[in-house]
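Let me begin by presenting the structure, written as structure tokens, before commenting on it.
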Amino acid sequence: MTTTSTRDSLWHNFQERYLEVSDVGFALDLSGLKFTPTFQAEMEPKVQAAFRAMAELEGGAIANPDEGRQVGHYWLRDPHRAPSAAIRDAIVQTNQRILKFARAVHDGAFKPEKAPRFLNVAVVGIGGSALGPQFVSQALGEPSDPIRIFFVDNTDPEGIDLVVRKLGATAGGLAATLTIVISKSGGTKETRNGMVEMARAYQAAGLAFERHAVAVTQDGSELDKVAVSGKWLERFPMWDWVGGRTSELSAVGLLPAALQGLDVAGMLEGAKAMDGVTRNVDSRRNPAAQLALAWYHATGGRGQKDMVILPYKDRLELFSRYLQQLVMESLGKEKDLAGKTVHQGIAVYGNKGSTDQHAYVQQLRDGVHNFFVTFLEVLRDRREKSMEVEPGVTSGDYLDAFYQGTRRALHESGRETLTITIDEVSPRSVGALIALYERAVGLYASLIGINAYHQPGVEAGKKAAAGVLAVQAKLLAALRSRPGDGMTVEETAMASGVDDLETAFKVLRHAAANPDHGIERTPGASPFDARYRAR
Ligand code: PA5
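Set out below in structure tokens:
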């Protein structure tokens with residue numbers, strides 16, 4: 143039983159740690175974290191240094207030293223803060239063009255080749271060029287939207303086929319589908335492959351891809367060149383000063399959202415409002431600083447605990463996936479800014495409550511204590527009045543009770559939690575959430591002294607894939623040049639000058655499982671004695 147003094151101290155702690163920002167319809171409750179009394183004061187010099195670094199970044203400093211570029215996602219929602227008139231005008235004009243293009247598509251002024259109007263959009267992109275648009279589309283979409291959105295976000299052939307078949311099954315089919323290829327660099331292979339496969343699908347349906355294609359990319363990129371020479375319908379810019387995972391409020395996110403019929407101005411307003419609040423250098427009144435401090439406290443500033451994101455709202459289910467990239471690609475770094483090996487990061491996972499209470503929340507309450515939870519609470523259950531599912535109780539009351547019950551249960555077993563509350567899921571609150579986390583990540587990166595804006599690990603993965611394809615080319619050439627009984631993995635590798643036998647094994651196994659390269663596999667006494675030959 144809770145004694146009166148415990149009750150009073152919990153209530154006092156809650157009031158101390160509850161920060162409401164009513165003009166953004168937002169509150170942050172950190173009362174579920176066990177801050178030491180001196181933590182905030184000890185961290186204050188670092189927080190002030192992080193604010194100064196952020197102000198320099200917003201002022202146009204080269205804040206990504208490795209890539210020698212500015213970091214300007216904050217200008218996207220407040221172009222007058224851009225460091226030059228050229229950047230400001232580029233943002234304003236692009237946003238106007240996006241709205242104009244979306245209007246023309248909705249009005250039917252921009253028509254597809256063989257259908258009366260566009261009814262679907264297929265977004266081809268990956269990472270920062272897909273996760274934001276996916277999150278926003280699900281958070282704000284309605285069945286009555288003028289356009290349905292589909293995503294090709296991988297180089298998985300079957301995954302692409304499935305999207306093409308789904309598009310084919312819609313009312314207008316592929317003929318009524320606009321494909322937007324999004325890639326900042328314009329050279330990402332997954333996206334290139336998705337584009338090539340989509341182009342083939344249009345061709346197979348007797349349609350000209352270029353009459354249905356739009357690009358979002360940097361001027362002069364490979365993708366840009368394809369779009370120019372192919373005379374695509376439109377091209378929208380990405381700029382080197384916007385990072386992929388902070389590009390949701392650039393053309394990357396605004397174009398799909400505007401086409402879907404979502405209120406992009408509302409999203410920009412919400413982000414701008416949150417930026418205003420999170421520029422406050424009074425760290426106790428700054429929710430992004432408080433969030434960054436909460437992460438620092440909960441993880442020891444070393445990522446020692448995972449961040450579980452638990453929104454009690456179906457519409458926010460993809461928020462954890464979006465944040466997984468924003469947080470882990472930004473903070474997961476080997477070196478700090480001084481070049482010291484630090485292996486930083488915070489692991490992020492989660493789906494939604496109360497659904498996850500029937501999945502992994504059992505472990506959170508009783509199992510290994512290697513996480514802290516971020517609850518997302520949405521006050522408004524639905525637009526209309528709810529029915530009662532039992533006397534005096536609605537489904538929404540249950541959702542709230544499950545959130546509160548889980549929060550309480552976790553506290554009781556000594557787990558740390560924080561809660562973000564928003565009034566409702568709206569364009570404004572979604573924009574505000576994006577802005578909150580973008581800034582919290584930037585501030586946290588400063589607290590731990592790393593560059594949040596580069597991604598050397600992603601580049602390493604791309605290089606390694608290119609190496610595997612080079613090995614594949616050698617192995618296939620060796621098999622083709624030696625017809626006959628075939629060769630084992632070791633013999634094929636030897637004949638092609640490939641040292642890496644494990645890669646050779648996997649490449650040959652994959653090649654023989656598909657009809658594409660004409661490779662046959664005859665099983666042997668063990669998996670390693672199987673023989674491969676070219677048909
Ligand atoms: O955040 C990032 O920079 C990455 O995740 C990119 O968004 C991702 O690799 C896709 O890159 P691009 O947009 O250049 O195709």
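For what it's worth, our numbering labels the leading residue of the sequence shown as 143, then goes sequentially. For each residue, glycine too, the CB sits at the ideal point set by N, CA and C.
Query                                                                                                                                                                                 : Result
Figure out for me which residue from R525, R307, V613 has the closest Cα to the Cα of V567.                                                                                           : R525
Is it buried or exposed, W153, if we count other Cβ atoms within 10 angstroms and call 16 or more buried?                                                                             : exposed
Could you name the residues of the same chain whose beta carbon sits closer than 8 Å to that of F544, not counting the 5 residues immediately before and after it, in chain order?    : Y454, G495, S496, Q499
Does DSSP put I240 in a helix, in a strand, or in coil?                                                                                                                               : helix
Taking C-beta to C-beta, are V368 and L320 nearer than 7 Å?                                                                                                                           : no
Rounded to whole angstroms, what's the CA-CA distance from N512 to F260? Just pull it up for me.                                                                                      : 48 Å
Please confirm if the region 540-556 is in contact with the region 375-393, defined as three or more CB-CB distances below 8 Å between the two stretches.                             : no
Going residue by residue through the region 282-325, where are the continuous alpha helix (DSSP H) segments of at least 4 residues, counting only ones entirely within it?            : 299-310
Have a look at D441 and G408 and give me their C-alpha separation to the nearest angstrom.                                                                                            : Strictly speaking, residue 441 in this sequence is Thr, with Asp absent from that position. Their Cα atoms are separated by approximately 34 Å.
Any contact between the region 267-280 and the region 290-298? By contact I mean 3 or more CB pairs, one from each, below 8 Å.                                                        : yes
With DSSP as the reference, please indicate the residues paired to Q360 in a beta bridge.                                                                                             : M380
Please name the residue or residues paired with I562 in a DSSP beta bridge.                                                                                                           : L170, L518
Using the beta-carbon count (16 or more within 10 Å), is S110 buried or exposed?                                                                                                      : This structure does not reach residue 110, given that the chain is present from 143 up to 677, and the question cannot be answered.
Since Y540 is in the alpha helix (DSSP H), which residue starts that stretch and which ends it?                                                                                       : 537-554
Per DSSP, what kind of secondary structure is P452 in: helix, strand or coil?                                                                                                         : Inspection of the sequence shows that residue 452 is occupied by Leu rather than by Pro. Residue state, collapsed to three classes: strand.
Going residue by residue through the region 172-254, where are the continuous alpha helix (DSSP H) segments of at least 4 residues, counting only ones entirely within it?            : 181-200, 227-249
Quick one: what's got a C-beta closer than 8 Å to A574's C-beta in the same chain, skipping five residues either side?                                                                : V166, G167, F168, G412, A413, A415, M416, I564
For my contact list, L465 and A192 are in at a C-beta cut-off of 8 Å; report their separation, rounded to the angstrom.                                                               : Going by Cβ atoms, the distance from L465 to A192 rounds to 19 Å, so no, they are not a contact pair.
Give me the Cα-Cα distance between N155 and D171, rounded to the nearest whole angstrom.                                                                                              : 10 Å
Which residue's Cα is closest to the Cα of P225: G201, G443, S638?                                                                                                                    : G201
Whose C-beta lies closer than 6 Å to the C-beta of F252 among residues of the same chain, with five residues either side of it excluded?                                              : A246
Use the C-beta contact count for D366: other C-beta atoms within 10 angstroms, 16 or more gives buried, fewer gives exposed.                                                          : buried
For a test of the three-state rule: what should DSSP assign to E91, helix, strand or coil?                                                                                            : Residue coverage of the chain in this structure runs from 143 to 677, which leaves residue 91 outside it and unanswerable.
What span of residues does the alpha helix (DSSP H) with L575 cover, start to end?                                                                                                    : 569-590
Who are the near neighbours of E390 in its chain, counting only those whose CB is closer than 6 Å to its CB and skipping five residues on each side?                                  : G274, I576
Can A582 and L433 be called in contact, C-beta distance under 7 Å?                                                                                                                    : yes
Kindly examine the ligand PA5 and report whether one of its heavy atoms sits closer than 6 Å to the Cβ of G213.                                                                       : Residue identity check: residue 213 is Val in the sequence provided, not Gly. For the ligand PA5, not one heavy atom lies less than 6 Å from the Cβ of V213.
Give every residue of the same chain whose Cβ lies closer than 7 Å to the Cβ of Q276, excluding the five residues on either side of it in the sequence, and list them in chain order. : F293, L460
Between M629 and the rest of its own chain, which residues show a CB-CB distance below 8 Å, the 5 nearest in sequence each way excluded?                                              : A620, L621, A637, R673, Y674, R675
Buried or exposed for A607, going by 16 or more other Cβ atoms inside 10 Å?                                                                                                           : exposed
Assuming contact is defined by CB atoms lying nearer than 7 Å, are A602 and L401 in contact in what I supplied?                                                                       : no
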